[in-house]
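Scroll down for the structure; my scribbles are underneath it.
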Amino acid sequence: MIGVAVLAALLLAACATRTDDRPTSDSAVPGLLPGQVVTEQGRAAADLYLPIFVIAVAVFVLVEGLLLVIALRFRRRKGDDVLPSQTHGNNLLEVVWTAIPALIVTILFIVSTSVLMDVEATSDEPAVTVDVTGFQWQWTFDYPAEQLSFTGAGSEGPEMVVPINESILIRLHALDVIHSFYVPQFFRKLDLVPGRVNQFEVTIEEEGTFGGQCAEFCGLAHDAMYFTVRAVDRATYDQWVADEQEKARQTPPPLPSGGPAGSVLQVTSISTAAGYEPTELTGLADTPLTIQLDNPDPEAPHNVAIRGANPDGSDWIGLPIAGPGQKAVYTTPPMPAGAYTFYCSVHANMTGTLTLQ
Amino acid sequence: MAHPHAPTYRRSWIYEWITTVDHKKIGIMYMVTAFVCFLIGGILALVIRTELAAPGLQFVTAEQYNSVFGLHAINMIFLFVMPMFTGLGNYIVPIQVGAADMAFPRVNALSFWVFLGGAIIIEMSFLFGGSPTGWTLYAPLSTRQPETGVDLMVLGLIMTGISSILGSINFLVTIFRLRAPGMTLLRMPMFCWAQLVTAVLLLFSVPVVTAGLVMIFIDRNYGGGFFEPSLGGNPILWQHVFWFFGHPEVYILILPAFGIISEILPVFSRKPLFGYRAFVFATASIGALGFTVWAHHMFTTGAVYLPFFSFFTFLIAVPTGIKFFNWLATMWRGKLTFDTPMLYACGFIALFLIGGLDGAFLAVVPFDFMVQDTYWVVSHIHYVLVAGAMFSIFAALFYWFPKMTGRRLNERSGKVQFWLLFIGTNLTFFPQHMLGLDGMIRRVADYSANAGWSELNLLSTIGAFFIAASVLPFMWNVFATLRGPVNAGDDPWDGYTLEWATTSPPPVYNFDHLPPIHSERPVFDLKHGGGGHAPIAAAPALPAGTAE
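From first to last, the protein sequence lines are chains A and B. Everything in the first sequence is counted per our numbering, starting at 1 for the first residue and increasing by one. Everything in the second sequence is counted per our numbering, starting at 358 for the first residue and increasing by one.
Structure follows, in structure tokens:
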């Protein structure tokens, strides 16, 4: 059978692809109870699961049990041709099995809404505020007070470092379409909606690195829109902030500084529909190239990415993305001679050719 | 065929079917079209499950995958379950209320042909770049995707929407104006009640989404700025418009199923439906409450008043619970025979229950924050739509096939199909609860090999092939039975309702004469006495037929 052959092939494929750098927090086969939850708010929510699960299992056993008993006991036997008693209803019974579920769901509503109030609670002064900006298919994490900014895309994405046992305010912005900020270990997701700012607070209670990804379908590379959250103690966090600020001071954005001829390329992104100008670029092979992108498009963010330019054969993606009316400067990895396609990772229809000699 | 007023000349059968305004032929055309779309949607489901069987992209590209899952959903919801119930209703409702046809036969034909056009345009979208927006068409993704396929999808959905609106008016007028003498509303079969409430839901919800789809089309092509934020539109508004239709839609897909189960269980238990009036009340209240819960699909948008929608979502579990207990009480102390329709009805109760229970979790807002847009929700909708709608559709097809064709489908083949489907459904969808609870999000072509999800995904894929395998015996069964002799008789199940009082298949005008109607079981009363709820005089009244 074809199906069996396909399944066998897939089984082999499943065994073959075992290495993977995408951020996940545990590799155990999941069960019917929630996994690790690390935030105060998430734990309050996850604690609701077990009692509801118990009620659900009780109802399940009751109904399936009744169904089985009925199916076995009240089968019509051979030769039995007497009509059973024609019962049309029983008001008392029906009132009982309306009232009991109504009571159960009312109690569940009260309990779950009171937990919701805790989960949604906000403090007057959060210790750290992070502005999360989502756009196709990347994240930018801005720390407005610390003046730090990190952008990343793809299977690793950017890292958000935050202190434990302190209240973190996460504000969510979307540049293009709807995305959703989701960290399973937070037991929480919240959408990033263009035109509005959503926010929520978490207090992380355990150190560790937790994987997250976009949870709202957002187009082509939705399945590869990852990020990580690293929770550390306060001292480590302060040290990290100081280090990153120092790093930002020491490496100002790479400026076009001479370099060998052909290693600095200039390109303009006109618009999503019109693409790049020029669409043909020529440069030096085996040399890191500096690409200066000018984005005069008032409507959309653009960048430059090069197909198959990374040493491992994957696409190299220029970051950060240049917002409307902004400029960006990128440094590519050295690439062997040949013709490459460059494109905008936000709008894959914008392409051009890069020839290296 | 010597009908009193039959034309004396014959036309080709193709011309007969294309020009027909007979509700039975239109019903069959709806069902055949729906089944073809079910096969297309099923193949798309296999594409999805084959890709997800292992981490990495092996089978399709991300672009293809992103169009496939939306088209799968559109096929199954708009082109399979909805028209299948419309087709069943078209065939059965006029006969069950004792009418000769639908109230507006030509409008009925128009509904079908508009639907067929819409269905073809929707399927064509795949050839024009697909519609990588999911079935929810969330703005501004749907207003920005450049593919022509999205426009075709929107146009096709507008056409099926118009068809549904016309059809629902036709059902309402038929049920309110064309009932036979004695057929009061509270003597109507539960299937007719379900179709009545469904028609009301359609009439109030479909115009909303159809108008919204027109706005999406304007946003996409003419810069309308209804939902497009860069033009001052509001993407959340589209979600309100969509789910104001989308949640009643869930009941549009499941109330007819409840109706079918409530027809079959009493007949195969040899008892009346337990608590008929409670059932009517529960059906109507599900319909009404169905309009108060739409924003529970939007809990994570940060833009809705959570406790209100949480409360009504909990509340709607109550009338559904009533139905479960009434079904069990209907079977209690009955004399059950497990022919295929009954097997499917029991399978429905056993598995739809899971879709009800895991749905109740989703009303708990803090828990919804965790599993919204994960495989938990995928599991929930499939327990509702596969174990609910699809099981009831097979129950109905096995139950009414003898009425439509005069032939009984093969029982052995039906049972093989049932167990394949029963096992496949659980294998496919139960593991998805665990995946969702661990954070596996939906609508992804690929997932991490380190997350521990590979085994359960493979299991789910194996289950999907079981489901696919279950469809094969059904198709063979229909094919072989149609080639066989007409041998079912007019009333093979010893049925209760009016369709069993006419011939199989019924004549164009349905009835030569109607039996008197004193209860919701006129044909039972005719055979066993005891009009209405009066005690039955003579007890020994079961046919010697199919006991096990």
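C-beta atoms are modelled at their ideal positions from N, C-alpha and C, and glycine is treated no differently.
(message) Does the structure place the segment 789 to 803 of chain B close enough to the segment 723 to 742 of chain B that three or more beta carbon pairs sit under 8 Å?
(response) As far as the Cβ criterion goes, the segment 723 to 742 of chain B touches the segment 789 to 803 of chain B, which means the pair count is three or higher.
(message) Can you tell me where the beta strand (DSSP E) holding N198(A) begins and where it ends?
(response) Residue range 198 to 203 is occupied by the beta strand (DSSP E) that includes N198(A).
(message) I'd like to know if the segment 803 to 812 of chain B and the segment 376 to 387 of chain B are in contact, where contact means that at least 3 CB-CB pairs between them fall below 8 Å.
(response) The segment 803 to 812 of chain B makes no contact with the segment 376 to 387 of chain B; the number of CB pairs closer than 8 Å stays below 3.
(message) Taking beta-carbon pairs under 8 Å, can you tell me which members of the segment 508 to 534 of chain B lie near chain A?
(response) none
(message) On a Cα-Cα basis, can you pick out the residue from E159(A), N90(A), D118(A) that is closest to V229(A)?
(response) E159(A)
(request) Pull up the CB-CB distance for F533(B) and G506(B), whole angstroms please, since I reckon it's below 8 Å. (result) F533(B) to G506(B), Cβ: 40 Å. No contact.
(request) Could you list which residues in chain B have their beta carbon closer than 8 Å to that of H222(A), in chain order? (result) N423, R800, V801
(request) Could I get the ranges of all uninterrupted beta strand (DSSP E) runs contained in the segment 306 to 346 of chain A, with 3 residues as the minimum, in chain order? (result) List check, beta strand (DSSP E) in window: 327 to 331, 338 to 343.
(message) Taking a contact to mean a Cβ-Cβ separation below 8 Å, would you say M727(B) touches F187(A) in this structure?
(response) yes
(message) If you reduce the DSSP assignment to three classes, tell me which class R329(B) lands in.
(response) The question about residue 329(B) has no answer, for chain B in this structure spans 358 to 905.
(request) Mind checking who C394(B) pairs with in its DSSP beta bridge? (result) Note: C394(B) sits in no beta bridge, so no partner.
(request) Establish whether the CB of K189(A) and some CB of chain B are separated by less than 8 Å. (result) yes
(request) Can you grab the Cα-Cα spacing for the pair L630(B) / G713(B), in whole Å? (result) 22 Å
(message) Under 8 Å: do the segment 318 to 325 of chain A and the segment 294 to 302 of chain A share three or more Cβ pairs, one atom per stretch?
(response) yes
(message) So with CB distances below 7 Å, who are the chain A contacts of M910(B)?
(response) Since the first and last residues shown for chain B are 358 and 905, residue 910(B) lies out of range.
(request) Evaluate G889(B) with the Cβ neighbour count: other Cβ atoms within 10 Å of its Cβ, from every protein chain shown; 16 or more gives buried, anything less gives exposed. (result) Bear in mind that the predicted position of G889(B) carries a pLDDT of just 47, short of 50, making it unreliable; the figure below should be weighed with that in mind. By the neighbour-count rule (16 or more Cβ atoms within 10 Å), G889(B) is not buried but exposed.
(message) 8 Å is my cut-off, CB to CB: does A14(A) come that close to chain B?
(response) Caution is warranted here: a pLDDT of 47 is assigned to A14(A), below 50, making its placement in the model unreliable, and no coordinate value can be reported.
(request) Using a Cβ cut-off of 8 Å, pull out every chain A residue sitting near H654(B), in sequence order please. (result) Within chain A, no residue comes near H654(B); the closest Cβ sits about 12 Å away, beyond 8 Å.
(request) Quick one: list the residues of chain B neighbouring D243(A), beta-carbon separation under 7 Å, in chain order. (result) Within 7 Å Cβ-Cβ: nothing; D243(A) doesn't reach chain B, min ~28 Å.
(message) With a threshold of 7 Å (Cβ to nearest heavy atom), would Y633(B) be considered close to the ligand SAM?
(response) Among the ligands in the structure shown, none appear at all, so the ligand SAM cannot be discussed.
(message) Between the segment 825 to 838 of chain B and the segment 409 to 424 of chain B, can you find at least three pairs of beta-carbon atoms closer than 8 Å?
(response) no
(message) For A194(A), would you say it is in contact with chain B, using Cβ-to-Cβ distances shorter than 8 Å as the test?
(response) It should be noted that the sequence gives Pro, not Ala, for residue 194(A). Yes, its Cβ sits closer than 8 Å to a Cβ of chain B.
(message) In chain order, what are the residue ranges of uninterrupted beta strand (DSSP E) at least 3 long that sit wholly in the segment 87 to 160 of chain A?
(response) 128 to 135, 138 to 143, 148 to 153, all fully within the segment 87 to 160 of chain A.
(message) At the level of alpha carbons, what is the spacing between I750(B) and F868(B)?
(response) 25 Å
(request) For A858(B), count neighbouring C-beta atoms within 10 Å of its own C-beta (all shown protein chains included) and say buried if the count is 16 or more, exposed if not. (result) In summary, A858(B) is buried, with 16 or more beta-carbon neighbours lying within 10 Å of its beta-carbon over all protein chains present.
(request) Give the residues of chain A in contact with S667(B), contact being defined as C-beta atoms less than 8 Å apart. (result) F109, S112, T113, L116
(request) Assign L509(B) to one of two classes, buried (16 or more other C-beta atoms within 10 Å of its C-beta) or exposed (fewer than that). (result) buried
(message) Measuring straight from C-alpha to C-alpha, what distance separates A568(B) and W651(B)?
(response) 17 Å
(request) Indicate whether at least one CB of chain B lies closer than 8 Å to the CB of C218(A). (result) yes
(request) State the DSSP-derived secondary structure class of Q36(A), mapped to helix, strand or coil. (result) coil
(request) Spell out whether any CB of chain B is found under 8 Å from the CB atom of R22(A). (result) yes
(request) Below 7 Å between beta carbons is the criterion; list the residues of the segment 742 to 767 of chain B that meet it against any residue of chain A, in chain order. (result) none
(message) I'd like to check one pair, T129(A) with A145(A): are the Cβ atoms closer than 8 Å?
(response) yes
(message) Just to confirm the assignment, what range does the beta strand (DSSP E) spanning H179(A) have?
(response) Here the beta strand (DSSP E) through H179(A) covers 179 to 183.
(request) To the nearest angstrom, report how far apart T17(A) and E812(B) are at their CA atoms. (result) Low confidence applies here, because T17(A) scores a pLDDT of 44, under 50, leaving its location unreliable; read the following figure in that light. Answer to the nearest angstrom: the Cα atoms are 13 Å apart.
(request) Could you confirm whether any beta carbon from chain A is found closer than 8 Å to the beta carbon of V659(B)? (result) A small correction: the amino acid at residue 659(B) is Gly; Val does not occupy that position in the sequence shown. It does: the Cβ of G659(B) has a partner Cβ on chain A nearer than 8 Å.
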